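Following: one structure in structure tokens, then a few remarks.
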Amino acid sequence: MRGFENSGSLAEMSAAPAGPPPAAKLVCGDPVDPLDMQFGVIAPKSVPDNLHDMVFGPVAGEDCPTYAILNGAKIDALPQRLAMSGLEHACLFQGEAFEEMGEVAPWVVRIEDGNRLVQQMFTAADSPLFLWAQEAFVVLRSPAPLSALVRHLRRYTRIRDEAGAWFYQCFWEPATLGAWTDGRHTPFLGAEEAVIRRVIGISDNRPLVIDLPERAWERAPGPPLLTAEDRARFDAVVRDAYARKLAGDLVAVTPGQCAALGLSGPGPLAESIVWLSGQLAHVGFTRRSDIGRVAVCALYLGTYFLNDPRLQALVAGTLLVSGPAPGLRALRLEQALKQVPLFQVAIAGRALPAVVADLAMLEETGALPATCWPAAGLERSEMRDRFVAECGAQADLAGLSPDRPVRLAHLRLAMTWGPWVLSDPLHRPLLAALHQPDPVAALRAVLGRRTAA
């Protein structure tokens, strides 16, 4: 099996090929608190205050009806609930598909402020009646009548690719709205009979909004078609949404380590997971649980630990062997790492205090303690020379001062988080500290605050 690509910088790895800008842009808003049960409230709200204008207010200065696509696959008894809601609605599936899958199909409903079902959409509570946490809907703002909107959207639920193969499309999933900002596969552009002015999804408590200005309609998309470019865009959006979700879960279950890294949110970890999942895909990893197991190791050893020269033999003997399933290989990697002193120190919470103590000695004496070399797994001179050479190359790429204390400080960071620590999204503040007038003191201050947290 092949190994992993050279890590380089995250910016290089995540750069998209140049091309025309998309017809529309997705904007991720600040986190929003959902409605609660509103017990005892005389006039209960149906939408949180900071979403109300977005959902029911004018669009570009004009009044505009509000619709939602509700995902029957995530909502129990959706057809029955719609029938009892008093709201105008229609299923996106018809004919045989409706007969077979109507209960779990997507439904379009014209929603109204003050309606009980609408209130349930924007409420988070411990009951399947409430839909906020299920991410089971997207909201559309369109001046079109329901019949025209449904007729238009139905053309995009199942479309062909350039080779003539059929694909079902789930454009009602909030987390992947970014895949529908351009292209002939998107239902949100170019429909004169059912112009859509705004699309809103809620994912991880954040509103994801696509506002479609007049210029978006200048790009006539033509008949529905799924191109290779569209599929690549969709794959990238799905990958990023998956990484954000997994990062949020890992932040929730590893708060201590995230605090030690100075992470205030899941963003940097999501970037780390994007890189890891891309590399792991080359060796057969697709399951979230398997990627998550490797991502947890990266939290302690650095995003690019799979390429660390100290660990390459271990990685080759576990993750890269032919035959075993990816899940078993990931488990064996984790088990093998638990026998490595470097990882043992990290998961025990002793790595950060050790770095701070060694930087204090560097600041005082101009040298690192001799004990840090064997503790970092660099006893052998051949491995030490290779490791130091890689660190020097990365320091040069980062534009670090050639002064000995700066290079030793960077080397000490690399002993804990790998030679590519300066391009690691989990450790960005460390690079900024090393560019300060007194870099060793600045670095020690940054890390010292984390040990006190």
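Under our numbering, think of the first position of the sequence shown as 796, with each following residue one higher. Glycine included, every Cβ here is placed at the ideal spot set by N, Cα and C. Fair warning: this is a prediction, and the values are worked out from it, not measured in the lab.
Once DSSP output is grouped into helix, strand and coil, what is the label at residue i?
{"i": "residue 1167", "result": "helix"}
{"i": "residue 1003", "result": "strand"}
{"i": "residue 813", "result": "Residue confidence is low: residue 813 scores 42 on pLDDT, short of 50, so the model does not pin down where it sits. No coordinate-derived value is stated."}
{"i": "residue 961", "result": "strand"}
{"i": "residue 1086", "result": "helix"}
{"i": "residue 925", "result": "coil"}
{"i": "residue 1219", "result": "coil"}
{"i": "residue 870", "result": "coil"}
{"i": "residue 1230", "result": "coil"}
{"i": "residue 1015", "result": "Confidence in residue 1015 is poor, its pLDDT being 49 and thus under 50, which makes the residue's placement too unreliable to answer from."}
{"i": "residue 880", "result": "helix"}
{"i": "residue 890", "result": "helix"}
{"i": "residue 989", "result": "helix"}
{"i": "residue 844", "result": "helix"}
{"i": "residue 898", "result": "helix"}
{"i": "residue 780", "result": "Absent from the model: residue 780. The displayed extent of the chain is 796 to 1248, so no value can be given."}
{"i": "residue 1134", "result": "coil"}
{"i": "residue 1195", "result": "coil"}
{"i": "residue 973", "result": "helix"}
{"i": "residue 836", "result": "coil"}
{"i": "residue 1173", "result": "coil"}
{"i": "residue 1225", "result": "helix"}
{"i": "residue 912", "result": "helix"}
Considering only DSSP beta bridges, list what residue i is partnered with.
{"i": "residue 862", "result": "905, 935"}
{"i": "residue 918", "result": "830"}
{"i": "residue 983", "result": "Partner(s): none; residue 983 has no beta bridge."}
{"i": "residue 1249", "result": "The structure shown does not extend to residue 1249, since the chain is modelled only from 796 through 1248, so no value can be given for it."}
{"i": "residue 1053", "result": "Beta-bridge pairing links residue 1053 to no other residue."}
{"i": "residue 854", "result": "857"}
{"i": "residue 820", "result": "1006"}
{"i": "residue 956", "result": "1021"}
Let's see if you can read the secondary structure: which residues bound the alpha helix (DSSP H) around residue i?
{"i": "residue 1073", "result": "1062-1076"}
{"i": "residue 947", "result": "941-949"}
{"i": "residue 1182", "result": "1176-1192"}
{"i": "residue 1034", "result": "1023-1048"}
{"i": "residue 1239", "result": "1234-1247"}
{"i": "residue 1097", "result": "Run containing residue 1097: none; DSSP gives neither H nor E here."}
{"i": "residue 1151", "result": "1146-1160"}
{"i": "residue 1206", "result": "1199-1212"}
What residue range does the beta strand (DSSP E) around residue i cover?
{"i": "residue 998", "result": "993-998"}
With 8 Å set as the bound, which would you pick, yes or no: does the beta-carbon of residue i sit closer than that to a beta-carbon of chain D?
{"i": "residue 972", "result": "Judged by its chain identifiers, the structure shown contains no chain D, having just a single protein chain."}
Touching by the beta-carbon criterion (3+ pairs, under 8 Å), the region 849-857 and the region 879-890: no
Just to confirm the assignment: which complete beta strand (DSSP E) runs, minimum length 3, are found wholly within the region 1105-1131? none
Counting Cβ pairs closer than 8 Å, one from the region 954-968 and one from the region 820-839, do we hit at least three? no
Whether or not the region 1151-1158 and the region 1200-1218 are in contact is what I'm after, with contact meaning three or more pairs of Cβ atoms, one per stretch, closer than 8 Å; do they touch? yes
Cβ contact check for the region 902-915 and the region 956-964: 3 or more pairs under 8 Å: no
Should the region 1088-1097 be regarded as contacting the region 1046-1057, the criterion being three or more beta carbon pairs within less than 8 Å? Taking 8 Å as the limit for Cβ pairs, the verdict is that the region 1046-1057 does touch the region 1088-1097.
Flag this pair as touching only if the region 833-842 and the region 977-984 have three or more C-beta atom pairs under 8 Å; answer yes or no. no
Take every Cβ of the region 1059-1071, pair it with every Cβ of the region 1174-1187, and state whether three or more of those distances are shorter than 8 Å. Contact fails: fewer than three Cβ-Cβ distances are below 8 Å.
If you pair each beta-carbon of the region 1055-1066 with each one of the region 1074-1083, do three or more pairs fall below 8 Å? no
With three or more C-beta pairs closer than 8 Å as the rule, is the region 1212-1232 touching the region 1100-1111? yes
So does the region 947-961 actually touch the region 917-931, counting three or more Cβ pairs closer than 8 Å? no
Within 8 Å, do at least three Cβ pairs link the region 971-980 to the region 869-883? Under the Cβ criterion (8 Å, minimum of three pairs), the region 869-883 does not count as touching the region 971-980.
Three-pair Cβ contact test at 8 Å for the region 1111-1129 versus the region 1237-1248: no
Counting Cβ pairs, one atom from each stretch, are 3 or more of them under 8 Å apart for the region 846-855 and the region 995-1010? yes
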